[in-house]
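Report on one structure; see the data block that follows.
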Amino acid sequence: MTTWLAALRRMQQSSTPAVLVTVAQIQGSTPRESGARMLYTADAQFDTIGGGHLEWRAAQIARAMLQADPARLDGQRRLERIALGPSLGQCCGGVVFLCFERITSDAEALRLWQALEQSWTRGNDRWRALPLDHAEPMQLLQPDGPQHTLQDMARTASQTQLVRDQQGRRWLLDLCRAHQPQVVLFGAGHVGAAIVKVLSTLPCRVLWVDEREDMFPPGLPAQISTEATDVPNAAVDMAEPGAYYLVMTHSHALDQQLTERILKRGDAAWFGLIGSITKRRQFEHRLAERGFSAQQLERITCPIGIPGIYGKEPASIAIAVVAQLMQLWELRSRQPAAQRYPSSLVTHALDGRG
Numbered sequence: 032m033t034t035w036l037a038a039l040r041r042m043q044q045s046s047t048p049a050v051l052v053t054v055a056q057i058q059g060s061t062p063r064e065s066g067a068r069m070l071y072t073a074d075a076q077f078d079t080i081g082g083g084h085l086e087w088r089a090a091q092i093a094r095a096m097l098q099a100d101p102a103r104l105d106g107q108r109r110l111e112r113i114a115l116g117p118s119l120g121q122c123c124g125g126v127v128f129l130c131f132e133r134i135t136s137d138a139e140a141l142r143l144w145q146a147l148e149q150s151w152t153r154g155n156d157r158w159r160a161l162p163l164d165h166a167e168p169m170q171l172l173q174p175d176g177p178q179h180t181l182q183d184m185a186r187t188a189s190q191t192q193l194v195r196d197q198q199g200r201r202w203l204l205d206l207c208r209a210h211q212p213q214v215v216l217f218g219a220g221h222v223g224a225a226i227v228k229v230l231s232t233l234p235c236r237v238l239w240v241d242e243r244e245d246m247f248p249p250g251l252p253a254q255i256s257t258e259a260t261d262v263p264n265a266a267v268d269m270a271e272p273g274a275y276y277l278v279m280t281h282s283h284a285l286d287q288q289l290t291e292r293i294l295k296r297g298d299a300a301w302f303g304l305i306g307s308i309t310k311r312r313q314f315e316h317r318l319a320e321r322g323f324s325a326q327q328l329e330r331i332t333c334p335i336g337i338p339g340i341y342g343k344e345p346a347s348i349a350i351a352v353v354a355q356l357m358q359l360w361e362l363r364s365r366q367p368a369a370q371r372y373p374s375s376l377v378t379h380a381l382d383g384r385g
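Structural data, given as structure tokens:
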């Protein structure tokens, strides 16, 4: 999920020219949703806006911008309407509005992108506003900032879109969604490492806990936090309300202690425990003796993973477990918008004029 942002930061730090492409708005059937992004340099690209001829055309425009005069507005940012019909070799049939944005290496721009990344790691959405008809710099809107047109639009919108201000000028109002679901994973063994590897490519945040610090690999992305501690039980208290828990340590005794701690919190969105039906029954018997109710025990998912994948290899288990989490997140995303984003009331969309 953060490939484009991590690459953008590297490009800024090395003063490598780059162009960020954002799906600003869509009409009809399209490969990606509004807010999808991709970063281009002269010889590389990061992330995807849908593949195929759409990306080929986007690459043409982006690299032409890299050759253009950066002092001119069309060398800094552009808005392109691309129809996904036969002429482009794609059969989606929809229309994509792409915003092309040349990335600068000045200190203020770097500060804004760093602030965005910091917000994401804390699980906070942020809006950014990019003017398309004048050369003012990007703005990162404050969650509780002063009342003005763009801030009001951000408070009442639910997705990236094109808008016009009171003077009729066009803006990209870009919702940079945070890594919202928090996964708290106990255990840095082969299976835990395989699961984290897959989760690092998805829009979630991971708190990865183990007693053995040397088990954590170097170079983890920003949304993966590690906690090396002799008291893993205490890490349960570090989790956010509504977190998703996975327990798969090297010790059954520790697994049971963590299970008790998680069930006592009572606010887990989901709790998965690695193991067999036999392990589940043993835990249920022991926990019942300790006073846990049948309703509490029903909150344990064990075995874990979607049905139909029975491989014991770490990669197979990781795919099955992450697919199970993704199903839960898909169900969550279908909740009414007001429940997921309380400020989502109405969308101010551009009327389609170029």
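With this note's numbering applied, the sequence shown corresponds to residues 32 to 385, in that order.
Glycine included, each C-beta is placed from N, C-alpha and C at the ideal position.
Check for me: the alpha helix (DSSP H) holding I293 runs from which residue to which? 283 to 296
If you run the structure through DSSP and keep just helix, strand and coil, what is Q192? strand
Could you give the first and the last residue of the continuous beta strand (DSSP E) run that contains T53? 49 to 58
Exposed or buried, which one is V352 when buried takes at least 16 other CB atoms within 10 Å? buried
What's the gap between the Cα of A2 and the Cα of D105? In the structure as shown, the chain begins at 32 and stops at 385. Residue 2 is therefore absent and cannot be evaluated.
Go ahead and pull the three-state DSSP assignment for G303. strand
In its own chain, which residues sit with a C-beta less than 7 Å from the C-beta of Q370, not counting the 5 before and 5 after it? Low local confidence applies: a pLDDT of 45 at Q370 is under 50, so the model's placement there is unreliable, with the coordinate-based value given in what follows. Taken in chain order, the list of residues that qualify is empty.
In chain order, what residues of the same chain have a beta carbon less than 8 Å from the beta carbon of R41, not counting five sequence neighbours either side? T47
Reducing DSSP to helix, strand and coil, say where S256 ends up. strand
Of the listed residues L359, Q56, S282, nearest to W202 (C-alpha basis): Q56
Would you list the one or two residues that DSSP bridges to T72? None; T72 has no bridge partner.
So, using beta-carbon positions, are R108 and L172 closer together than 8 Å? no
Candidates A209, Q313, E64, of which the one nearest R236 by Cα: A209
Under the three-state DSSP convention, the category I113 falls into: strand
How would you call I293, buried or exposed, if buried means at least 16 neighbouring beta carbons within 10 angstroms? buried
Quick check on the DSSP output: the beta strand (DSSP E) that includes I337 runs from which residue to which? Unbroken run through I337: none, as it is neither H nor E.
So, helix, strand or coil for D183, using DSSP? helix
Residue range of the unbroken alpha helix (DSSP H) whose run includes G88: First, the residue type needs correcting, since residue 88 is Arg and not Gly in the sequence shown. Segment 83 to 98, the alpha helix (DSSP H) holding R88.
Spatial neighbours of S26 within its chain, please: CB distance less than 6 Å, with the 5 preceding and 5 following residues excluded, ordered by chain position. In the structure as shown, the chain begins at 32 and stops at 385. Residue 26 is therefore absent and cannot be evaluated.
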